[in-house]
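In this note's numbering, the protein residues as written are 246 to 422.
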């Protein structure tokens with residue numbers, strides 16, 4: 246401790262900052278590269294440390310070991326960068342697809358719209374009978390009860406509706422060909 250104090254007292258004239266940087270810049274860059282693992286980050290950390298050191302050079306130059314002092318500044322600059330950017334801007338990992346992409350439902354929606362458009366062309370009782378039979382999956386007896394008609398009449402409504410839909414689809418198919 247006394248040797249360090251004696252060395253500090255013996256150094257009465259301040260070290261020139263530019264001369265010191267010229268001598269130590271390569272060593273500081275190597276140190277920063279080992280610390281950061283990236284050339285650009287190393288250069289940024291050294292630049293930040295030297296900017297701070299220049300502003301405080303009268304105090305830094307009086308330290309026992311100005312190089313160790315500036316190296317600690319490089320470490321602090323890197324830690325500050327890491328806290329500021331790395332935690333906030335960590336890119337999310339690309340999602341890993343484990344199966345085929347999910348369908349967007351557009352084709353199903355278009356088909357459903359086409360079916361409802363066809364059903365809207367049917368008379369009310371036939372449309373109701375088809376919906377109750379195939380959408381609600383009711384029996385003919387239940388359909389008759391809901392439509393206030395006999396079970397045979399409910400069967401007739403469904404049969405006529407399907408025949409009309411078949412005819413319409415056949416005509417549309419012939420027109421498309």
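We treat Cβ as the ideally placed atom computed from N, Cα and C, and that holds for glycine. Quick caveat: nothing in here was measured; it's all calculated off a predicted structure.
The shortest C-alpha to C-alpha distance from residue 267 to any of 353, 406, 295, 393 is the one to 295. Boundaries cannot be given for residue 327, as no alpha helix (DSSP H) includes it and DSSP labels it neither H nor E. Residue 319 and residue 341 do not touch by the CB rule: their CB atoms are close to 38 Å apart, not below 8 Å. Here DSSP, grouped into helix, strand and coil, assigns residue 388 to helix. Looking at the backbone, the Cα of residue 297 and that of residue 339 are separated by about 39 Å. Look at the beta carbons and you see the stretch 345-362 not touching the stretch 372-384: under three pairs across the two are nearer than 8 Å. The beta carbons of residue 323 and residue 284 sit no closer together than 7 Å.
DSSP places residue 301 outside both helix and strand once states are collapsed to three, so it counts as coil. Of 264, 286, 385, the smallest CA-CA separation from residue 312 is found for 264. Going by DSSP, residue 267 is part of the alpha helix (DSSP H) stretching over 262-281. Residue environment analysis places residue 403 among the buried positions, since at least 16 neighbouring C-beta atoms fall within 10 angstroms of its C-beta.
Counting the other CB atoms within 10 Å of its CB gives residue 397 a total below 16, which places it among the exposed residues.
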